[in-house]
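**Student:** Same order as they appear, the protein sequences are chains A and B. Per full-length UniProt numbering, the first sequence starts with residue 1, numbered consecutively. Per full-length UniProt numbering, the second sequence starts with residue 1, numbered consecutively. Quick reminder that beta carbons are idealized off the backbone N, C-alpha and C, glycines included.
Protein chains: 2
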Amino acid sequence: MKKTLTVAVVGATGAVGREMLNSLHNRKFPATTIRAFASARSAGSRIPFGDAELTVEELKEDVFTDIDLALFSTGEATSLQFAPHAVNAGCVVVDNSAAWRMDEHCPLVVPEVNACHLAAHMGIIANPNCSTIQMLVALKPLHDATAIKRIVVSTYQAVSGTGQKGIEELERQVRDLFNGREPENSVYPYRIAFNVLPHIDVFLKNGYTKEEMKMVNETVKIFGDPSVKVTATCVRAPVFYGHAESVNVETAKKITAKDARIMLSQAPGLMVYDNPREKMYPMPAYVAGEDPVFVGRIREDESIENGLNMWIVADNVRKGAALNAVQIAEELLRRDLIRVPGTNVFLQ
Amino acid sequence: MKKTLTVAVVGATGAVGREMLNSLHNRKFPATTIRAFASARSAGSRIPFGDAELTVEELKEDVFTDIDLALFSTGEATSLQFAPHAVNAGCVVVDNSAAWRMDEHCPLVVPEVNACHLAAHMGIIANPNCSTIQMLVALKPLHDATAIKRIVVSTYQAVSGTGQKGIEELERQVRDLFNGREPENSVYPYRIAFNVLPHIDVFLKNGYTKEEMKMVNETVKIFGDPSVKVTATCVRAPVFYGHAESVNVETAKKITAKDARIMLSQAPGLMVYDNPREKMYPMPAYVAGEDPVFVGRIREDESIENGLNMWIVADNVRKGAALNAVQIAEELLRRDLIRVPGTNVFLQ
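(1) Give the residues of chain B in contact with isoleucine 167(A), contact being defined as C-beta atoms less than 7 Å apart.
(2) Can you pull the chain A residues whose beta carbon is under 7 Å from the beta carbon of glutamate 302(B), in chain order?
(3) So phenylalanine 37(A) is in the beta strand (DSSP E); what residue range does that whole segment cover?
(4) Among Leu54(B), Val87(B), Arg46(B), which one has its Cα closest to the Cα of phenylalanine 64(B)?
(5) Check the DSSP bridge columns for glutamine 157(A) and list the partner residues they point to.
(6) Determine, using beta-carbon pairs with one atom in the stretch 2-11 of chain B and one in the stretch 188-201 of chain A, whether at least three such pairs fall under 8 Å.
(7) What do you reckon, are the CB atoms on tyrosine 188(A) and leucine 197(A) nearer than 8 Å?
(8) Can you name the residues of chain A whose CB is closer than 8 Å to the CB of arginine 299(B)?
(9) Could I get the ranges of all uninterrupted alpha helix (DSSP H) runs contained in the stretch 166-249 of chain B, with 4 residues as the minimum, in chain order?
(10) With a 10 Å radius around its C-beta and 16 neighbouring C-beta atoms as the bar for buried, classify histidine 105(A) as buried or exposed.
(11) Mapping DSSP to helix, strand and coil, what is lysine 140(B)?
(12) According to a CB-to-CB cut-off of less than 7 Å, which residues of the stretch 173-203 of chain B neighbour chain A?
(13) With DSSP as the reference, please indicate the residues paired to arginine 150(B) in a beta bridge.
(14) Using a Cβ-Cβ cutoff of less than 6 Å, which residues in the same chain neighbour methionine 280(A) once the five nearest sequence positions on both sides are dropped?
(15) Since methionine 263(A) is in the alpha helix (DSSP H), which residue starts that stretch and which ends it?
(16) Which residue from Asp51(A), Phe223(A), Leu270(A), Ala38(A) puts its Cα closest to that of serine 79(A)?
(17) Checking contacts by CB at 8 Å: is asparagine 248(A) closer than that to chain B?
(18) In chain B, which residues lie less than 8 Å from phenylalanine 240(A) when you measure between Cβ atoms?
(19) Write down the C-beta distance between glutamate 290(A) and aspartate 315(A) rounded to the nearest angstrom, noting that I regard them as a contact closer than 8 Å.
(20) With a threshold of 16 other CB atoms inside 10 Å of the CB of lysine 221(A), please say whether the residue is buried or exposed.
(21) Give the residues from the stretch 266-281 of chain B that approach chain A closer than 7 Å (Cβ to any Cβ), ordered along the chain.
(22) Check the Cβ of alanine 257(B) against every Cβ in chain A and list those closer than 8 Å, keeping chain order.
(23) Per the DSSP calculation, valine 313(B) is bridged to which residue(s)?
(24) What is the DSSP secondary structure of proline 268(B), counted as helix, strand or coil?
(25) Determine the burial state of glutamine 157(A): buried for a count of at least 16 other Cβ atoms within 10 Å of its Cβ, exposed for fewer.
(26) Which residues share a DSSP beta bridge with arginine 46(B)?
(27) Measuring CA to CA, which of Ile304(B), Pro276(B), Arg318(B) is closest to residue 373(B)?
(28) How is glutamate 331(A) classed by DSSP in three states: helix, strand or coil?
(29) Give the residues of chain B in contact with proline 284(A), contact being defined as C-beta atoms less than 7 Å apart.
(30) Return the Cβ separation of threonine 74(A) and serine 42(A) in integer angstroms, given the expectation that the two are a contact with Cβ distance under 8 Å.
(31) Would you tell me roughly how many angstroms separate the C-alpha atoms of glutamine 134(B) and glycine 161(B), rounded to the nearest one?
(32) Which first and last residues belong to the beta strand (DSSP E) in which phenylalanine 82(A) is found?
(33) If I follow the unbroken alpha helix (DSSP H) through valine 16(B), where does it start and stop?
(34) For a quick check, are the C-beta atoms of arginine 335(B) and leucine 118(B) less than 8 Å apart?
(35) Pick helix, strand or coil for leucine 69(B), following the three-state DSSP scheme.
(36) Excluding the five sequence neighbours on either side, which residues of its own chain have a C-beta within less than 6 Å of the C-beta of leucine 21(B), listed in chain order?
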């Protein structure tokens, strides 16, 4: 049995990459070596890992020979190019981009929901979209209790979902507005400061954005249940960290708000924070830096027979991205799925 | 026939009161005299009306004798106290508070939707909640075409909905955060800067907020159709002006997105602003100061047979409050409904 475990974070200098390193360190991931990769531009720079530092290495196609597990937090194009070479070198990839999510050879995993799908992996496991992850952690206990028939979701998504550049644009625009300067926008198509944008990712032919269709299609794949219907409206809000979601669920059988609260409070990865009388409900500004998915405002929807409304909030950089990827890695280890034999179906 | 028309704005110094004066002036409302009332604290101060100024008078129960029409923009308690005295003096009241909205003697009117209800008025006409107004202006053409069965709405509401104090709290909190000071909150229960609050108005026993139940109950009353089911989640966003709504509608028969766009673009008070390819969709920061209700992101909801998603945005202080009240006043004049005989059912 192999005694060493070398883990790479690819795209280590971005907001999610840094948080991946944090999560690996904080959760004491049993790696014997951690390596950090980024583009040539960042190569040679130092990046924190706990109290220590790592030297960032340049990402090349042939770097994966001695790496057992790579967490990718790169753009789709980089992931499409490099992940197959990693797999070819015997490395297992957990990829945070959208590149592989709908590929039939790649499990799409939220550990609290469908860790069982990992067994079928062929080298690449996809990390779902941030908005999908937090919604499904919260809805899984309900779907187990009685099939979810339909989900209507509207999101309130933080600028950190766009990475460091989104954070900087909101901050710069607010400073400009408060100092009498005309704010400029380069990251978002319109001003995000003191505004909301019903536009995340690109528009598709059917009028939905790619972000909205991710929530539709990823939900079906993760639940493994095409009978779950989803319709989504994804909106960027002038919030730095934390995605919120207003979620309306129709179930096959009645679940009372009280029963839902009990089910959810016993489920993994979830924190029910729901007491209107005491003004207790989750909010993005207060979940930043927290691991769980928070649920509040659970109430019966009086407009249909079997419906619930709920308000789901999580740190989009943590559970929505970095933490979920590290949790996938932990499950791979626990299930002894890091070394996968067989041909590389990802290299053409 | 009476040749004079004296109009009063009650609560004239607030954000909505000032906008009522603006709307009366800009729309050349045919008043012969305009008077402004507020609490004793503001009495004697000067307030703009076009290029002129009005002297604010103190609101008392006996001031309404020579007033034909009063637009109230006060709190519920003030409205409950003073509106009956106005009616008793022969004055017709258009009230912006929630005090009279569900009173069976008071029509609740959005002129584009149910101006016909005005004929039955007994002295007080209620102006609906801001979120309800903009939603129903947009949904009326669809409800006319084929009955709306169910509405699932999530809101993104501006701080100006709370009045000037909401605007000041957001501004102060942003300045504090950007200057390294701990932001304090007094208007909202939690920080609103860079945050969203799923809490508008007070919580009711059923777990919904009063704001959410306003959207449910006012919709039924205005449409005059108890078969329309509504479920709402109302959320305060860190936006100064402009409410946005993500609205999911289920109709009795199929309406394509294309047909909906045509119907809506021909309806009064509406502006269809919907071309994803050109990144055209309405946003709060860009509708401030505009009269119409803007609709974009119109698309078929693929999760049910007959469903549509849409994104509805309006200036909450204008169409959501002041403008709608002035439009009601215009309809009352047009229909010769300013002088109403009969006993005062509002004074106990």
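**Tutor:** This is what the structure gives:
(1) Within chain B, no residue has its beta carbon less than 7 Å from that of isoleucine 167(A); the closest one is some 10 Å off.
(2) Within 7 Å Cβ-Cβ: Thr231.
(3) Segment 33-38, the beta strand (DSSP E) holding phenylalanine 37(A).
(4) Nearest C-alpha to phenylalanine 64(B): Val87(B).
(5) Answer by DSSP bridge pairing, in chain order: Arg236(A).
(6) The stretch 2-11 of chain B is not in contact with the stretch 188-201 of chain A.
(7) Yes.
(8) Simply Asn206, Gly207, Tyr208.
(9) Fully enclosed alpha helix (DSSP H) runs of 4 or longer: 210-223.
(10) It is exposed - the Cβ of histidine 105(A) has fewer than 16 other Cβ atoms within 10 Å.
(11) In the three-state scheme derived from DSSP, where H, G and I count as helix and E and B as strand, lysine 140(B) is classed as helix.
(12) Taking a C-beta cut-off of 7 Å against chain A, the contacting residues of the stretch 173-203 of chain B are Val174, Arg175, Phe178, Pro189, Tyr190, Arg191, Phe194, Asn195, Val196, Leu197, Pro198, His199, Phe203, listed in chain order.
(13) By DSSP's assignment, arginine 150(B) forms a beta bridge with Lys229(B), Glu250(B).
(14) Excluding positions up to five away in sequence, the list reads Tyr273.
(15) Judged by DSSP secondary structure, methionine 263(A) falls within the alpha helix (DSSP H) whose first and last residues are 257-265.
(16) If we check each option's Cα against that of serine 79(A), Ala38(A) comes out closest.
(17) Yes, asparagine 248(A) counts as interfacial toward chain B.
(18) Near phenylalanine 240(A) (Cβ distances below 8 Å), the residues of chain B are Phe194.
(19) Right, their Cβ atoms sit about 6 Å apart.
(20) Counting Cβ neighbours within 10 Å, lysine 221(A) comes out buried, since at least 16 surround it.
(21) Along the stretch 266-281 of chain B, the positions whose C-beta sits under 7 Å from a C-beta of chain A are Pro276, Arg277, Lys279, Tyr281, read in chain order.
(22) Chain A residues near alanine 257(B): Gly207.
(23) According to DSSP, valine 313(B) shares a beta bridge with Ala244(B), Phe294(B).
(24) Under the three-state reduction of DSSP output, proline 268(B) falls in the coil class, being neither helix nor strand.
(25) Glutamine 157(A) counts as buried, since at least 16 other C-beta atoms from the protein chains shown sit within 10 angstroms of its C-beta.
(26) Beta-bridge annotation (DSSP): arginine 46(B) is paired with Thr55(B).
(27) Only positions 1 to 348 of chain B appear in this structure, which leaves residue 373(B) out of reach.
(28) Glutamate 331(A): helix per DSSP, three-state reduction.
(29) Residues of chain B passing the Cβ test: Asn195, Val196.
(30) That belief does not hold up - the Cβ atoms of threonine 74(A) and serine 42(A) are roughly 12 Å apart, past 8 Å.
(31) Each residue's Cα considered, the two are about 13 Å apart.
(32) From DSSP, phenylalanine 82(A) is part of no beta strand (DSSP E) but of the alpha helix (DSSP H) over 76-88.
(33) Its alpha helix (DSSP H) spans residues 15-26.
(34) Yes, the pair counts as a contact, with Cβ atoms nearer than the cut-off.
(35) Correct three-state label for leucine 69(B): strand.
(36) Spatial neighbours of leucine 21(B) in its own chain (CB-CB distance under 6 Å, excluding positions within 5 residues in sequence) are listed in chain order as Val9, Phe49.
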